[in-house]
Structure formats: C-alpha cells, structure tokens
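*Asks:*
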Amino acid sequence: MPASPPLVPLPMTPEEVASRGWDEVDVVFVTGDAYVDHPSFAMALLGRWLESEGYRVAILSQPDWRSCRPWRTFGPPRLCFAISAGNMDSMLNHYTANRKVRNDDAYSPGGQIGRRPDRATAVYCQRAREAYKGVPIITGGVEASLRRLAHYDYWSDKVRRSILLDAKADFLVFGMGERPLLEILRVLAEVAQRATGELSNDVARESRVAGQGLWKTHDVIARLRAIRGVAYRLGASESPPTENTLVLPSYEEVAADKRAFAEMTRLAHLETNPYNARRLVQYHGREAVVVNPPALPLSEAEMDRVHGLPFTRRPHPLYGDQKIPAFEVVKHSIQIMRGCFGGCTFCSITAHEGRVIQSRSPESILAEIRRLSEDPSFKGVVSDLGGPTANMYRMNCRRPDVRAKCRRLSCVHPTICKLLDVDHGPLVELLRKAADQEGVKKVLVASGVRMDLALRGPAYMKQLVEHHVGGHLKVAPEHVDARVLALMKKPSIQGFEAFARRFGELSRAAGKEQYLVPYFISGHPGCDLEAMIRLAVFLKRTGYRPRQVQDFIPTPFDLATCMYHTGLDPMTGQAVYVARTSTERRWQRALMLFHLPENYADVRQALLAAGRGDLIGDGPDCLIPSRPPQRRKEPKTNREASHKGRGAKAVGYRPHRKTAQRRPRA
76 MPASPPLVPL PMTPEEVASR GWDEVDVVFV TGDAYVDHPS FAMALLGRWL
126 ESEGYRVAIL SQPDWRSCRP WRTFGPPRLC FAISAGNMDS MLNHYTANRK
176 VRNDDAYSPG GQIGRRPDRA TAVYCQRARE AYKGVPIITG GVEASLRRLA
226 HYDYWSDKVR RSILLDAKAD FLVFGMGERP LLEILRVLAE VAQRATGELS
276 NDVARESRVA GQGLWKTHDV IARLRAIRGV AYRLGASESP PTENTLVLPS
326 YEEVAADKRA FAEMTRLAHL ETNPYNARRL VQYHGREAVV VNPPALPLSE
376 AEMDRVHGLP FTRRPHPLYG DQKIPAFEVV KHSIQIMRGC FGGCTFCSIT
426 AHEGRVIQSR SPESILAEIR RLSEDPSFKG VVSDLGGPTA NMYRMNCRRP
476 DVRAKCRRLS CVHPTICKLL DVDHGPLVEL LRKAADQEGV KKVLVASGVR
526 MDLALRGPAY MKQLVEHHVG GHLKVAPEHV DARVLALMKK PSIQGFEAFA
576 RRFGELSRAA GKEQYLVPYF ISGHPGCDLE AMIRLAVFLK RTGYRPRQVQ
626 DFIPTPFDLA TCMYHTGLDP MTGQAVYVAR TSTERRWQRA LMLFHLPENY
676 ADVRQALLAA GRGDLIGDGP DCLIPSRPPQ RRKEPKTNRE ASHKGRGAKA
726 VGYRPHRKTA QRRPRA
C-alpha cells in the first residue's frame, strides 16, 4: 500500500500554491500573526477547517501594509479575503498599560516588533479593497469581534465607531468563526459557480476584479445577512430588521454621554447568550451597524472534528530557525475545551468564546496525545491539558430549558448556580488516561484553575496536586478587597485561602514541594489606594511575592473597560472609583511589589498620601522600613561600558529607525 504524502502546511507563497496544482485560491487568510500550523492559532484552525470542506486556502501572514502589493500575491481569491489582526488586539499587542511600545511580539518570528500596523484589522481591509475592489472582505478575530460596536479605545482615550465602518469590510464574524465563516463561503461559492456557468472562467474572474460585484445581488446579500455570528453595516437608505431586534443608544449618544455608554454596554452584554440573544442595531449617523445573535456553540462531535484535522503543529518552514515565542509556550499543549462561564469583567474570553463550555470527547483528546507522542521533539511531557480555564471540562447547565432563557453573565458569581454541573469526574478520568498513554511521562496543567470549582471536587484536587503540577500552579485571586472583587465578578479572598490551605496539605501528603503562583491586578476600577494597601498587607502577611504586576488595561467591550471610561458600573449604574493618573497607577503597581528596593520611594509616597504612615517603620507588620534600603551595586551594562571604551556597543529598541545605533550628531 503506498505511503500517504507528507503533511504540509497551508501555502504561503505562489510556488506552494502551484505545487498543489491550483490555478487560483478560494480564500486568502490575512493575519497579523506568524503562521503556525497548530490548533492554538486561529488562522490554522480555520484554514484547516475550510480545507477539510474542500476550499483552497492560502495564508498571507504579516504582510507589509505600506502598499497593497502583498495582497496581490495569490491573485484575486475566488471567494473572499478573510482578515484578522491576529490572536490579540493589535493595540494590546503593541502597547503596555502605560501606552509605551512593547519590546517584543510573542506572535512574530524571533519576537520581532513592527511586523503589523496599529489597528491592523482596518488597515488590512483597506489594502484588500485597494488590491481587488470586487472581492468580498470578511473580517474576524479578537480585534474585530470586540470592536464590532461603538467602543472605548484606551490608547486614543476616546469612543471610536464600530470597526466595520473604519475597516469597510463587507461582513464581520464575531466570536469563534467556524460556523458563520463556512456558511458565508457556501453562499459565495454558489454565486461563483453560477457566474462560472454563465460566463467563461476568465471573464468571471475579470468581472470580480473590475469591481462589478457579481455577489452583490439582493437575494445573496439577504442570505448573508441572516447568518448567526455575523455583523454588517446598513447604508443610509436601508432599514434594519425589526423582528427580535434591540436598538442600542447611537454612536453619537454614547460618545457624548457616559451614562448612555454604560447603558449600551449593559444591553449588549445581556444579549450574548446564543440561545436567547436578540439582534442588535446601533446607528452611526445615517448608517447603522447590525449585529446578529451569536453563532450556536459547536457540538462535541464538531469539536472533535475541528481538533482532529491534520496539523503539522509547527511554524511554517519559511521562518527557518526563528522561534515564535507564543508557539514555544503551547507546542506540546492540548486544548480540551473552549468557552468560560466565569464572566470576569476584565477578561475578554467569555465575550469572544462564549460562556457555554464546548468540550472534546476523551477519545479525541487521547488520539491527539498519541499523535503528539510521535513527534521527535516531544520529550514525554504534555505542557498543558486545559483551555481558557483548566477545570471547566464538560461543565454545563443541567437544565437546557432554563439555559435557553437565562441572561446571567456569570454562572459562578455572586454564587455558583445551583443548576451548574460542577462534576469533576470526567476531567479526573481524562487526566488519568492521558498520563497512561504510551510515550507520556507527565501531563501538566498550566491553564489557570478556577479555585471555587476545584474546592467542590476533592478527587480532582487530589489528582491535580499529586500528578499534574510542575512545581507551580497558576491561580487568579486577583485582589483581596471585597468591593473590588465584586466588580471583577471574582470570589472572596477567603476562597483563595481555603484553596491554598488544601493545596498545601495535599502537597505535603504527597511529599512534594509545590507552590501557588497567584495573579493579582493593580489599577482595576473600584481599586483605590486603601484597597491596594489592603492587598499589600495581605501579601506581607502571607509571604507571597509576585514576580510581576498585572496592570489593568481597558480592552474593548469588557465591562471593566466601561467602568474605567464612565466611572459607572454598567449593571447597576452606581459610581465606581477609577485610578486615572499615572502617579496613582504607578503607586498601585509599587504597592504590590513593596518588597523591591527600587519601589521604596513610591510605596512611601502612596502610604503617606493614604494616611497610612503606620506601615512605615521597622516593626514586623510594616510594609517598608523607616529608612530606604541600600541598593545593591549593579554591574555596569554594555552601554555604560561602551561609553568608557571597554565593551561592545549597546543595541536597544529605537522605534522607526533603520538601525539600532544612534545617528552621529551634526
């Protein structure tokens, strides 16, 4: 029996397209990320999904956006451009909470910065339109999904229009894209087939390129606009559907009135359950943006099919030896589910993936582990068996009839819903079977564990601690202040302390030295200096020393972002304190890292400003000593040495310069 041909990635060059015997491609995926053929990367997952449906897919990864020439690499796609900024919002990818340029890009080869533009979705769509005016443009991904309505943009500090209006895309797919994108392509493929039947193939292609818009007929547009998970724009002369439709405050209203912005946010979030969501309409001047109800979740069989597609699980060979940092983290990980019902107000996962948990079958997961074990680079350690949250596998509402009516934003806050199935049994069995697979030495859980759920599963806690912790376990208490935690939709700090005690007991019983790595946030809405000092005192009392600060960054669509912008809790209308000045944000970061000598001055200023001078002194309960600690003398850097002629010249990041060296002065 002849051997099957070797698995190859989706084509990134015209030569690779030709090697497959194709004279054109159906879909060109444009992405701001490096192309990694791994199910953790959206362009690979969707590309392989469409390939399995018979479509010819090519990848245009991180194109030079300064002209439309790269968009002509493969010629005009037969059906559409599918455009995404990448796995992250491009502004979050580029800038820190202080709005400073980041030093690296985890989704680029070698971690290089500058491989995508700011607001990449809009730029990529505009270039696609320049390249081939008649080709449909479908945009999606995190950036487009979370900016589908009017939204607050932290980096420009203003309310911006729906990204549909700036990008001028024909359709926007929000949330997870398998269902809606495939439905769109099926409609477009019918149109292309009819055109090819009526005209010669060359004439049909020329007509599309010339912008005659063969697909832009009334019946085709109506079919495309009826697809779930799709948003689109309406012209001034068009009227939106009225059945099962909710009209939001207009862009002009939310840009001028913060209470209107909060009301828009409240209404939009209440319409995210795919089983009862209504269509949303938001006017922008004389135009309108229409957002259909979300796509229905994938079934277990569909999840199995998506993750069972052939992936090389490697970056494209064009990158050579350049490592892509984000891939290095996940290359030996296995995704067992998607979605999160936590509903944390600062997190975009629920807003993008949905709160309905979509799990794979154990057979599908174990089959992927067996394929992974055949990889020569696999050394026997599955780095993570998880998802957005490690321990929500197969957890869903016990009453589908109630779920179809529910508008609750979190299944676990303020308390765990009594209808939520919190049985960890299927996950415990999966972990045991995964660890028993041939070629597997250890299966780790690196995704964050939801502690309030884990405490309900003693068998899971025991299995986790005894067999699946690689020395450290990530958890996210986020804060200690009750008011701040309520605004975050997070459980009380007492739950974290109970989890920490149980984790310690089980670790000691197993004879293992293991530690929790708790994540905390500074600068979150509701957190003032007094709340941050309570967190610092807690850290001092418990001995936790965070390695880095998770500084709150307002990202589009999130409830916490609405709080930051408006100073209001959109769900209650009550006022919320917001730390806006750079000084207070710096103080809050310093308080979390009060033990570092370089933060002494900021911590002292913060404590005095809050009237907590009692925490300055030499007693055991004080945060900082009465006198500044002596700072250790650091070795000279290359830059300092080079100034004295004793070392190599320093190479640092210099934005917009062709070289890393400073130009000589005139």
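In case it helps, this note's numbering puts the sequence shown at residues 76 to 741.
From the three backbone atoms N, C-alpha and C, an ideal C-beta is built for every residue, glycine too.
These figures come from a predicted structure and were not determined experimentally.
1) Alpha carbon to alpha carbon, what distance is there between G648 and P324?
2) Excluding five sequence neighbours on each side, which residues of the same chain lie with their C-beta closer than 6 Å to the C-beta of A363?
3) Could you compute how far the alpha carbon of S136 sits from the alpha carbon of P703?
4) Please find out if some non-hydrogen atom of the ligand PLP comes closer than 6 Å to the beta-carbon of P400.
5) In this structure, how does DSSP classify C637 when only helix, strand and coil are distinguished?
6) Note down, in chain order, each residue of its chain lying with its Cβ closer than 7 Å to the Cβ of V322, except the 5 sequence neighbours on either side.
7) When we look at the beta-carbon of T636 and count the other beta-carbons within 10 Å, is it buried (16 or more) or exposed?
8) Could you name each continuous alpha helix (DSSP H) segment of 4 residues or more that falls completely within the region 529-578, going from the start of the chain to the end?
9) Alpha carbon to alpha carbon, how far is Q569 from A510?
10) To the nearest angstrom, how far is the alpha carbon of H542 from that of V518?
11) Taking M467 as the reference, give the member of Q410, N351 and L447 with the closest Cα.
12) Sorted by chain position, which residues of the same chain lie with C-beta nearer than 7 Å to F453's C-beta, five sequence neighbours on each side aside?
13) Give every residue of the same chain whose Cβ lies closer than 6 Å to the Cβ of S115, excluding the five residues on either side of it in the sequence, and list them in chain order.
14) Does any CB atom of chain D fall closer than 7 Å to the CB of H547?
15) Under the three-state reduction of DSSP, which class applies to F613: helix, strand or coil?
16) Any idea if V103 is buried or exposed, counting beta-carbon neighbours within 10 angstroms, 16 or more meaning buried?
17) Taking the alpha-carbon of V503 as reference, which of F613, A650 and Q538 has the nearest alpha-carbon?
18) Within 10 angstroms of its Cβ, does E128 collect 16 or more other Cβ (buried), or is it exposed?
19) Are the Cβ atoms of A551 and Y590 separated by less than 7 Å?
20) For R679, which residues in the same chain have their Cβ closer than 7 Å to its Cβ, ignoring the five residues on either side in sequence?
21) Who pairs with Y594 in a beta bridge, going by DSSP?
22) Rank R507, R655 and C486 by C-alpha distance to the C-alpha of P629 and give the top, closest one.
23) Identify the residues that DSSP records as bridge partners of G215: which are they?
24) Does E715 pass the burial test, meaning 16 or more other C-beta atoms within 10 Å, or should it be called exposed?
25) Name the DSSP bridge partner or partners of A117?
26) Going by other Cβ atoms of all chains shown within 10 Å of its Cβ, with 16 needed for buried, is Q433 buried or exposed?
27) Do you know offhand how far R430's Cα is from G96's?
28) For a test of the three-state rule: what should DSSP assign to G395, helix, strand or coil?
29) Reducing DSSP to helix, strand and coil, say where I424 ends up.
30) Just curious, the alpha helix (DSSP H) that H344 is in, first and last residue?
31) Under DSSP, the alpha helix (DSSP H) around E438 begins and ends at which residues?
32) To the nearest angstrom, how far is it from the Cα of D644 to the Cα of R558?
33) Locate the beta strand (DSSP E) running through S312, then write down its first and last residues.
34) Return yes when the Cβ of S159 is within less than 7 Å of the Cβ of T106, no when it is not.
35) Less than 8 Å between the CB atoms is what I'm expecting for D245 and R235, so what's the real figure, rounded?
36) Would you call the region 181-199 in contact with the region 155-172, where contact means no fewer than 3 C-beta pairs closer than 8 Å?
*Replies:* Put simply:
1) As a position in the sequence shown, residue 324 is number 249, starting the count at 1. As a position in the sequence shown, residue 648 is number 573, starting the count at 1. For P324 and G648, the distance between alpha carbons rounds to 16 Å.
2) On the sequence shown, residue 363 is found 288 positions in, with the first residue counted as 1. If we look at A363 and ignore the five residues flanking it on each side, its Cβ neighbours are L309, P315 and V356.
3) Numbered from 1 along the sequence shown, position 61 holds the residue referred to as residue 136. Numbered from 1 along the sequence shown, position 628 holds the residue referred to as residue 703. So the alpha carbons of these two residues sit roughly 51 Å apart.
4) The ligand PLP is not among the ligands present in this structure, which contains no ligands whatsoever.
5) Start at 1 with the first residue of the sequence shown, and residue 637 comes out as number 562. It is helical.
6) Taking the first residue of the sequence shown as position 1, residue 322 is located at position 247. For V322, where only same-chain residues beyond five positions count, the Cβ hits under 7 Å are V356.
7) Numbered from its first residue, the sequence shown carries residue 636 at position 561. Burial call: buried.
8) 533-542 and 557-563
9) Residue 569 sits at position 494 when you count from the first residue of the sequence shown. Residue 510 sits at position 435 when you count from the first residue of the sequence shown. Whole-angstrom Cα-Cα distance: 32 Å.
10) Taking the sequence shown and counting its residues from 1, the one referred to as residue 542 is at position 467. Taking the sequence shown and counting its residues from 1, the one referred to as residue 518 is at position 443. Each residue's Cα considered, the two are about 8 Å apart.
11) Along the sequence shown, one-based indexing puts residue 467 at 392. M467 has its Cα closest to that of Q410, out of Q410, N351 and L447.
12) Here the question's residue 453 lines up with position 378 in the sequence shown. Counting only Cβ-Cβ distances below 7 Å, and skipping sequence neighbours, we find H407 and L447.
13) On the sequence shown, residue 115 is found 40 positions in, with the first residue counted as 1. Within the same chain, S115 has close Cβ partners V405.
14) Looking for chain D here will not work: only one protein chain is present.
15) Along the sequence shown, read from residue 1 onward, the residue named residue 613 stands at position 538. It is helical.
16) One-based indexing of the sequence shown puts residue 103 at position 28. It is buried - the Cβ of V103 has at least 16 other Cβ atoms within 10 Å.
17) Mapped onto the sequence shown, residue 503 falls at position 428. When only C-alpha atoms are compared, the closest one is Q538.
18) In the sequence shown, the residue the question calls residue 128 occupies position 53. It counts as exposed.
19) Taking the sequence shown and counting its residues from 1, one reaches residue 551 at position 476. Taking the sequence shown and counting its residues from 1, one reaches residue 590 at position 515. Cβ distance not < 7 Å, so A551 and Y590 don't count as in contact.
20) On the sequence shown, position 604 is the one that residue 679 refers to. For R679, where only same-chain residues beyond five positions count, the Cβ hits under 7 Å are I691 and I699.
21) Here residue 594 corresponds to residue number 519 of the sequence shown, with the count starting at 1. Y594 pairs with nothing; no bridge assigned.
22) Looking up residue 629 in the sequence shown gives position 554. Among R507, R655 and C486, the Cα nearest to that of P629 is on R655.
23) Sequence index remark: in the sequence shown, residue 215 carries index 140 (1-based). DSSP output for G215 lists S159 as bridge partner(s).
24) The count along the sequence shown starts at 1 and reaches residue 715 at position 640. Note on E715: pLDDT 38, under 50, position unreliable in the model; the coordinate value appears next. That one is exposed.
25) For the purposes of this step, residue 117 is identified with residue 42 of the sequence shown, where counting begins at 1. Partner(s): none; A117 has no beta bridge.
26) Within the sequence shown, the letter at position 358 stands for residue 433. By the 10 Å Cβ count, Q433 comes out buried.
27) Walking along the sequence shown from the start, residue 430 turns up at place 355. Walking along the sequence shown from the start, residue 96 turns up at place 21. Approximately 42 Å, taken between the alpha carbons.
28) Reading the sequence shown from its first residue, position 320 is the one you call residue 395. Here G395 sits in coil by DSSP.
29) For the purposes of this step, residue 424 is identified with residue 349 of the sequence shown, where counting begins at 1. In the structure shown, I424 sits in a helix (DSSP, three-state: H, G or I).
30) Here residue 344 refers to the residue found at position 269 when the sequence shown is read from its first residue. Counting along the chain, the alpha helix (DSSP H) containing H344 begins and ends at K333 to L345.
31) Here the question's residue 438 lines up with position 363 in the sequence shown. P437 to S448 is the extent of the alpha helix (DSSP H) around E438.
32) Residue 644 sits at position 569 when you count from the first residue of the sequence shown. Residue 558 sits at position 483 when you count from the first residue of the sequence shown. Each residue's Cα considered, the two are about 12 Å apart.
33) Along the sequence shown, one-based indexing puts residue 312 at 237. Unbroken run through S312: none, as it is neither H nor E.
34) Along the sequence shown, one-based indexing puts residue 106 at 31. Along the sequence shown, one-based indexing puts residue 159 at 84. Cβ distance < 7 Å, so T106 and S159 count as in contact.
35) Translated into the one-based positions of the sequence shown, residue 245 becomes position 170. Translated into the one-based positions of the sequence shown, residue 235 becomes position 160. The pair is not a contact, with the Cβ atoms about 20 Å apart (cut-off 8 Å).
36) yes
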